[in-house]
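Novice: I have a structure I would like to understand better, so I am pasting it below and will then ask my questions one at a time.
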Amino acid sequence: ESDDMINKKVKKLLEIGINPILCVGETLEEREDEIHFDKVKSQINACLKDVNKEDLDKVVIAYEPIWAIGTGKSASSDDAEEMCAFIRELLKDNYGEVISEAIRIQYGGSVKPETIDELMSKANIDGALVGGASLKIEDFSRISNYEVVNE
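Residues in the sequence shown are numbered from -7 upward in steps of one, following the working numbering.
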């Protein structure tokens, strides 16, 4: 779907009282070409265009690198934190600190029981968008009951 179509869906969902999860992320080629920050910035700016400021705290943003979807590959916790911090700073620049802190930012790139504790210890990762790991009750239970790693 185009960013314009996603923008329309985000606004419509908010209009009817549903809190949207906006997934953003880059391809492996975009990451390797070091344009992943530009890509995510472009997605967020386009997908949140003209959304009422009063509604922004109802939007959840999930950073989900396209190259990690269904591949079993995952960004390192430091890479995930770096992008989530970038997203939070972008939101602060665009909408102010209060809104940037109110918006939940999740990571959704092949979250696994083995990675959840470290991911959730990161300052700018507020939650996890769980995909395939939710299919096994043992894995989903472990993810749901994570323990923050003290750094």
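Each residue gets a CB set at the ideal place from its N, CA and C atoms; glycine is no exception.
Could you work out which residue in SER(-6), ALA120, VAL103 is closest to ARG96 when comparing CA atoms only?
Specialist: Numbered from 1 along the sequence shown, position 104 holds the residue referred to as residue 96. With distances taken between Cα atoms, ARG96 lies closest to ALA120.
Novice: Whole angstroms is fine: what's the gap from GLY124's alpha carbon to ARG134's?
Specialist: Taking the sequence shown and counting its residues from 1, the one referred to as residue 124 is at position 132. Taking the sequence shown and counting its residues from 1, the one referred to as residue 134 is at position 142. Those two C-alpha atoms are separated by around 14 Å.
Novice: Short check: CB of ASN(-1) to CB of ALA38, under 8 Å?
Specialist: Here the question's residue -1 lines up with position 7 in the sequence shown. Here the question's residue 38 lines up with position 46 in the sequence shown. For ASN(-1) and ALA38, yes; Cβs fall inside 8 Å.
Novice: Can you say whether ALA115 is buried or exposed, counting buried as having 16 or more other CB atoms within 10 angstroms of its CB?
Specialist: The residue labelled residue 115 in the question sits at position 123 within the sequence shown. With fewer than 16 other Cβ atoms within 10 Å, it is exposed.
Novice: DSSP has ALA120 in a bridge; who is on the other side?
Specialist: Position 128 of the sequence shown, counting from 1, holds the residue named residue 120. Answer is TYR99.
Novice: Return helix, strand or coil for TYR87, following the three-state DSSP convention.
Specialist: Counting from 1 along the sequence shown, the entry for residue 87 is found at position 95. If DSSP states are grouped into helix, strand and coil, TYR87 belongs with the helices.
Novice: Can you tell me the Cα-Cα spacing of ASP71 and SER34, whole angstroms?
Specialist: As a first step, residue 71 must be located in the sequence shown, where it is residue number 79. As a first step, residue 34 must be located in the sequence shown, where it is residue number 42. Approximately 19 Å between the Cα atoms of the pair.
Novice: Which residue or residues does DSSP assign as beta-bridge partners of ILE13?
Specialist: Indexing the sequence shown from 1 puts residue 13 at position 21. ILE13 pairs with VAL52.
Novice: Helix, strand or coil for LEU40 per DSSP?
Specialist: For this step, residue 40 is matched to residue 48 along the sequence shown. It is coil, neither helix nor strand.
Novice: I think LEU82 touches ILE36, with their Cβ atoms under 8 Å apart; what is that distance to the nearest whole Å?
Specialist: Here residue 82 corresponds to residue number 90 of the sequence shown, with the count starting at 1. Here residue 36 corresponds to residue number 44 of the sequence shown, with the count starting at 1. Indeed, because the Cβ distance is near 6 Å, the residues count as touching under 8 Å.
Novice: Give the C-beta separation of GLN98 and VAL140 to the nearest angstrom, bearing in mind that I take them to be a contact with Cβ-Cβ under 8 Å.
Specialist: Counting from 1 along the sequence shown, the entry for residue 98 is found at position 106. Counting from 1 along the sequence shown, the entry for residue 140 is found at position 148. Contact doesn't hold; Cβ gap of about 15 Å is too wide.
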